[in-house]
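Chains as they are written, first to last, in the working numbering: chain A, 2 to 112; chain B, 42 to 392.
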């Protein structure tokens, strides 16, 4: 009865977003394609960054897409997991560094 | 890891008609995805026609010392189909009289055919200069009688093309069997030692990469760079070129796709990556595949699907180059494997 909010098959329909806003959609996909081209960073490096960010963004479509993309580039599962840890470290660091704000506030209120 | 062929296991997918049925039904029957014929018709590329014959690819038998997960031949130690010396003689007649300049020996492990060396020597006598052997590498280390293969290849200036799915042990052994990586590395070092694959060497050593799972190969140039760096840094190995080949959805790879519930997604990936430019240069347009029992096919994949050439000349004994040139290539949905992305052939990308 209950349908999931996320359906893996929806990723294939991503391109359809241009149908309801052609100019913006097309500009987005052009930009997206350009971002992932070989540049100052290799396409392989960009794929690993995308995989890590896909996890911090917790986007299931992006996780599916960039898991496949990294595999296609010959990236090993150990490298993939390390990339995710980089994302996780930044996430937890971002939480914990706010601890300084808490400490400042405590010191001001109750110092 | 498999140890027996689908044929030996009595698996339905060992039957070529069962495979064709799967490839023709389901998402292609309902129209969810276009058939290959419809897709190439969109760009007016149907029918694909054979051009001038350049490469004769001879499958000298399905016997192999390995049982790889992805194998489109369903090869293995239990396969008994082996080309006889008589059929080889007929192939030699054709080589002498046809315009083909390249002889491409494949299998199974072609070296396991008892007449393999005789065939290479005889073909060299009739003047074949571009001579490819698709070696799985481990055969060189499989038995003492094969230890001198690098020297034998060198003597006849054979172009060695070898499968190597990854530069790490884990990914290689997962696809090709335990111990395959270490043996392959040793074999590559031995080939390097006699001069194969060295920079500037005429002894050509190329590697074939095909993905270990339900995904397409990455960019061939980038993969070659990664392979070269890793094999040199870790093992001091040199080679010339890397061919990135797409796994076609037939035989054992089809069985894997279905069992792992990846079949539909994989077919979507192939269709989405369809590249009309690759259709122009698919290998069936300049290659003819000959089976162990002498029948003619548009490619090794069609041979496994038992889809014979669309010509009156169907067997090596009645080979007729004029009749074969311009024939319509026999296609089905597996052909999407050769037209995805930069395309795929036994010589790597085509577009």
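Every residue, glycine too, gets a C-beta built ideally from N, C-alpha and C.
Quantities reported herein were computed from a predicted structural model and do not represent experimental measurements.
Buried or exposed for residue i, going by 16 or more other Cβ atoms inside 10 Å?
i, result
"residue 59 of chain A", "exposed"
"residue 252 of chain B", "buried"
"residue 181 of chain B", "buried"
"residue 191 of chain B", "buried"
"residue 21 of chain A", "exposed"
"residue 33 of chain A", "exposed"
"residue 108 of chain A", "exposed"
"residue 373 of chain B", "buried"
"residue 102 of chain A", "exposed"
"residue 111 of chain A", "exposed"
"residue 258 of chain B", "buried"
"residue 256 of chain B", "buried"
Using a cut-off of 8 Å between C-beta atoms, extract the partners of residue i located in chain A.
i, result
"residue 212 of chain B", "77"
Mind listing the chain A neighbours of residue i? Cutoff is C-beta to C-beta under 7 Å, in chain order.
i, result
"residue 309 of chain B", "13"
"residue 264 of chain B", "75"
"residue 267 of chain B", "75"
Report, in whole angstroms, the separation of the C-beta atoms of residue i and residue j, which I expect to be a contact under 8 Å.
i, j, result
"residue 126 of chain B", "residue 159 of chain B", "7 Å"
"residue 69 of chain B", "residue 76 of chain B", "5 Å"
"residue 113 of chain B", "residue 294 of chain B", "6 Å"
"residue 383 of chain B", "residue 392 of chain B", "5 Å"
Under three-state DSSP, which class holds residue i?
i, result
"residue 87 of chain B", "coil"
"residue 304 of chain B", "helix"
"residue 73 of chain A", "helix"
"residue 314 of chain B", "coil"
"residue 356 of chain B", "strand"
"residue 375 of chain B", "helix"
"residue 104 of chain B", "strand"
"residue 62 of chain A", "helix"
"residue 235 of chain B", "coil"
"residue 267 of chain B", "helix"
"residue 323 of chain B", "coil"
"residue 287 of chain B", "coil"
"residue 113 of chain B", "coil"
"residue 96 of chain B", "strand"
"residue 146 of chain B", "strand"
"residue 43 of chain A", "coil"
"residue 120 of chain B", "coil"
"residue 389 of chain B", "strand"
Just to make sure I have the definition right: I need the residues of chain B whose C-beta is within less than 7 Å of the C-beta of residue i. Which are they?
i, result
"residue 69 of chain A", "256"
Name, please, each residue of chain B whose Cβ falls closer than 8 Å to the Cβ of residue i.
i, result
"residue 44 of chain A", "260 and 263"
Cβ closer than 9 Å: which chain A residues qualify as neighbours of residue i?
i, result
"residue 207 of chain B", "75 and 77"
Mind the definition here: the region 289 to 296 of chain B touches the region 54 to 67 of chain B only if three or more C-beta pairs lie below 8 Å; say whether that holds. Taking a contact to require three or more Cβ pairs closer than 8 Å, the region 289 to 296 of chain B and the region 54 to 67 of chain B qualify as touching.
On the three-pair Cβ rule with 8 Å, is the region 231 to 250 of chain B touching the region 190 to 209 of chain B? Yes, since at least three Cβ pairs between the region 231 to 250 of chain B and the region 190 to 209 of chain B fall closer than 8 Å, the two stretches touch.
Contact between the region 369 to 384 of chain B and the region 316 to 331 of chain B (3+ Cβ pairs under 8 Å): Contact holds: three or more Cβ-Cβ distances are below 8 Å.
Under 8 Å: do the region 221 to 239 of chain B and the region 270 to 283 of chain B share three or more Cβ pairs, one atom per stretch? With the cut-off at 8 Å, the region 221 to 239 of chain B and the region 270 to 283 of chain B touch.
Segment contact, 8 Å Cβ cut-off, at least three pairs: the region 66 to 73 of chain A with the region 43 to 55 of chain A: They touch, by the three-pair rule.
Can you find at least 3 beta carbon pairs, one from the region 140 to 155 of chain B and one from the region 100 to 112 of chain B, that sit closer than 8 Å? The region 140 to 155 of chain B vs the region 100 to 112 of chain B: in contact.
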